[in-house]
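Participant: Dropping a structure here in structure tokens format, bear with me for questions.
There are 2 protein chains.
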Amino acid sequence: RDLMGANAEWAAKTRALLAERSIAMVNVISAPGSGKTTLLERMIPALAGRLRFAVLEGDLETTRDAERLDALDIPVYQLLTGGSCHLEAKLVHHALLDLPLDDLEVVIVENVGNLVCPAEFDIGEAGKLAILSVTEGEDKPVKYPLLFHEAVAAVITKIDLLPYVPFKLEECRRYLAQTNPAAPVFEVSSLTGAGMDAWLTWFTAFVAAHR
Amino acid sequence: RDLMGANAEWAAKTRALLAERSIAMVNVISAPGSGKTTLLERMIPALAGRLRFAVLEGDLETTRDAERLDALDIPVYQLLTGGSCHLEAKLVHHALLDLPLDDLEVVIVENVGNLVCPAEFDIGEAGKLAILSVTEGEDKPVKYPLLFHEAVAAVITKIDLLPYVPFKLEECRRYLAQTNPAAPVFEVSSLTGAGMDAWLTWFTAFVAAHR
Ligand SMILES: Nc1nc2c(ncn2[C@@H]2O[C@H](COP(=O)(O)OP(=O)(O)OP(=O)(O)O)[C@@H](O)[C@H]2O)c(=O)[nH]1
Ligand SMILES: Nc1nc2c(ncn2[C@@H]2O[C@H](COP(=O)(O)OP(=O)(O)OP(=O)(O)O)[C@@H](O)[C@H]2O)c(=O)[nH]1
Ligand SMILES: [Mg+2]
Ligand SMILES: [Mg+2]
Ligand SMILES: [Zn+2]
Ligand SMILES: [Zn+2]
């Protein structure tokens, strides 16, 4: 039985559902602890006046991330895999059906913290966002290429730590460019707010173009 | 066909092989960029006078980590999975057969950077070492519990960054203790050398007890 084929069918159903409702969905993927949830905690309040958001929060265990985002006064749905290392299209599709789709413009999916498997499973998104923190090392785009190759944009996070870590920013940008010449690269700090405006401007334009 | 059963058989073969040669093998597991390779770059020169090491280096792509460890003048074998998110016992067993086993006392396996899947696959190790950096957040032991539950010890890395990150050390230690009361927890910095002596003392004792 073709498991990847079955996944692709559910992803297609999801694309049809979102197109029908003019909703843009993004699939946020990174290693554990790169700062996905914290980035959403900054992005959503900054944009909530302009765009109606919901979040599908994927984790193995606990509802901690969903609880953090729930505090932002938007619909949040926690998907618990119990051990599976990535979200699949069928699970995401059914979760979407439980959201107030008539009142939404953007759905953000925070995938399970994992630089490997999530990139292999299309969940019907308009685009994947690759998140990489300066603490992880500049070589991640070449050591875990699929995600960075497929992403529509890359966000380098925690740039407030640059003075204290050996991270080679230019080398990282070079690896990102070689893996994916088309994807823009943003540098942000969720702590200080540095780089946030440029990132929010691009994100808003991407959403508008994909609804 | 029972894939997990087949894996268990190869793990058993590996345990027999290592027991026969009085070799202790440890399986180092963590998220991408937690500092596994850098920790080995500090540990191995510090102990190479006392113990004969080899490393099996697991990655999806590139030989970067193997090249870094090769510079330490020990046998290093790079395992490339090409996309698979964890090392399996059969692959590790065949790699071991290519090492100079008669001249070794310790084999360190650096698993694929992934907090989820590697912990599910016994590769015949004497114990798993869970690595977690202060930049990833204190909640990782409860959000990705299997690894921390099964580890014989946990090493909290990059403690030189503590002044600059929101990491709650005591909360992290509490989660580690609740997930695994028996496993000792070490705090180290590969950059400054802080905590390294205590960690090396424990590691040396663990190896001696499992050869
Ligand atoms: N210094 C600094 N730390 C940050 C920044 N953003 C997030 N962090 C910290 O990084 C750690 C992990 O942040 P999270 O947002 O929970 O990371 P995550 O990617 O959602 O983690 P998972 O969902 O478990 O994969 C926390 O301790 C955050 O406070 C930043 O811009 N600068
Ligand atoms: N500040 C600080 N940075 C560190 C420390 N140890 C490692 N790093 C940095 O963390 C980044 C990742 O280190 P690696 O040792 O390559 O991490 P890894 O876990 O082997 O990564 P993968 O094999 O790709 O999963 C690099 O930029 C290192 O220089 C430390 O103790 N302190
Ligand atoms: Mg999160
Ligand atoms: Mg490494
Ligand atoms: Zn997986
Ligand atoms: Zn896996």
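Chains as they are written, first to last, in the numbering used here: chain A, 3 to 213; chain B, 3 to 213.
Note that CB positions come from ideal geometry on N, CA and C, so glycine has one too.
Since the model is a prediction, treat every value here as computed from it, not as a measurement.
Using a Cβ cut-off of 9 angstroms, pull out every chain B residue sitting near V144 (chain A), in sequence order please.
Facilitator: As a first step, residue 144 (chain A) must be located in the first sequence, where it is residue number 142. Simply E63, T64, R66.
Participant: Nearest chain A C-beta to A97 (chain B) closer than 9 angstroms, yes or no?
Facilitator: Locating residue 97 (chain B) in the second sequence gives position 95, where the first residue counts as 1. By this cut-off, A97 (chain B) is not an interface position.
Participant: Counting pairs of beta carbons, one from the region 114 to 129 of chain B and one from the region 74 to 88 of chain B, are three or more of them closer than 8 angstroms?
Facilitator: Yes, they touch.
Participant: Check the Cβ-Cβ distances between C87 (chain B) and every residue of chain A, and say whether any is below 9 angstroms.
Facilitator: The residue you call residue 87 (chain B) lines up with position 85 of the second sequence. Yes, contact with chain A.
Participant: Along the region 134 to 161 of chain B, what residues have a CB closer than 8 angstroms to any CB found in chain A?
Facilitator: Against chain A - using a Cβ distance shorter than 8 angstroms - the residues of the region 134 to 161 of chain B are S135, T137, E138, G139, D141, K142, V144, K145, Y146, P147, L148, K160.
Participant: Note the first and the last residue of the continuous alpha helix (DSSP H) segment covering I46 (chain A).
Facilitator: Here residue 46 (chain A) corresponds to residue number 44 of the first sequence, with the count starting at 1. Counting along the chain, the alpha helix (DSSP H) containing I46 (chain A) begins and ends at 38 to 49.
Participant: Can you pull out the residues from the region 111 to 129 of chain A whose beta carbon lies closer than 9 angstroms to at least one beta carbon of chain B?
Facilitator: Hits within the stretch, in order: V114, G115, N116, L117, V118, C119, E122.
Participant: Buried or exposed: where does L99 (chain A) fall if 16 or more other Cβ atoms within 10 Å of its Cβ makes it buried?
Facilitator: Along the first sequence, one-based indexing puts residue 99 (chain A) at 97. Exposed, by the Cβ-count rule.
Participant: Can you give me the Cβ contacts of W204 (chain B) inside the same chain, cut-off strictly under 8 angstroms, excluding the 5 residues immediately before and after it?
Facilitator: Start at 1 with the first residue of the second sequence, and residue 204 (chain B) comes out as number 202. Excluding positions up to five away in sequence, the list reads A155, P186, F188.
Participant: Taking 9 angstroms as the CB-CB limit, is L5 (chain A) close to chain B?
Facilitator: Counting from 1 along the first sequence, the entry for residue 5 (chain A) is found at position 3. By this cut-off, L5 (chain A) is not an interface position.
Participant: Chain A partners of Y166 (chain B), CB-CB under 7 angstroms?
Facilitator: Taking the second sequence and counting its residues from 1, one reaches residue 166 (chain B) at position 164. The contacting residues are L163, Y166.
Participant: In chain order, which alpha helix (DSSP H) runs of at least 4 residues are fully inside the region 62 to 126 of chain A?
Facilitator: Here the runs fully enclosed are 66 to 72, 91 to 99.
Participant: For the candidate residues B:L163, B:T137, B:A132, B:T40, whose alpha-carbon lies nearest to that of N29 (chain B)?
Facilitator: Walking along the second sequence from the start, residue 29 (chain B) turns up at place 27. The shortest Cα separation from N29 (chain B) among B:L163, B:T137, B:A132, B:T40 belongs to B:A132.
Participant: Comparing the C-beta of P47 (chain A) with each C-beta of chain B, is any distance below 9 angstroms?
Facilitator: The count along the first sequence starts at 1 and reaches residue 47 (chain A) at position 45. For P47 (chain A), the answer is no, since every Cβ of chain B falls outside 9 angstroms of its Cβ.
Participant: For G60 (chain B), go through chain A and note every residue whose CB falls closer than 7 angstroms to its CB, in chain order.
Facilitator: Counted from its first residue, the second sequence places residue 60 (chain B) at position 58. Under the 7 angstroms cutoff, chain A gives no residues; its nearest Cβ is about 11 angstroms from G60 (chain B).
Participant: Skipping 5 residues on each side, what residues in its chain have a beta carbon closer than 8 angstroms to that of L178 (chain A)?
Facilitator: What you label residue 178 (chain A) is simply residue 176 of the first sequence in a count that begins at 1. Closer than 8 angstroms at the Cβ level, and outside the excluded window around L178 (chain A), lie P143, F150, A156, A185, V187.
Participant: Alpha carbon to alpha carbon, how far is A211 (chain A) from E107 (chain A)? Give it in angstroms, no decimals.
Facilitator: Numbered from 1 along the first sequence, position 105 holds the residue referred to as residue 107 (chain A). Numbered from 1 along the first sequence, position 209 holds the residue referred to as residue 211 (chain A). Answer to the nearest angstrom: the Cα atoms are 12 angstroms apart.
Participant: Does the beta carbon of L193 (chain A) sit closer than 9 angstroms to a beta carbon anywhere in chain B?
Facilitator: Taking the first sequence and counting its residues from 1, one reaches residue 193 (chain A) at position 191. So yes, L193 (chain A) belongs to the interface.
Participant: Using the Cα positions of W12 (chain A) and L62 (chain B), report the straight-line distance between them to the nearest angstrom.
Facilitator: Your numbering for residue 12 (chain A) matches position 10 in the first sequence. Your numbering for residue 62 (chain B) matches position 60 in the second sequence. Those two C-alpha atoms are separated by around 27 angstroms.
Participant: Of all residues in the structure, which have a C-beta closer than 6 angstroms to any heavy atom of ligand 5, taken in chain order?
Facilitator: Answer in sequence order: A:C87, A:H88, A:C119, B:C87, B:C119.
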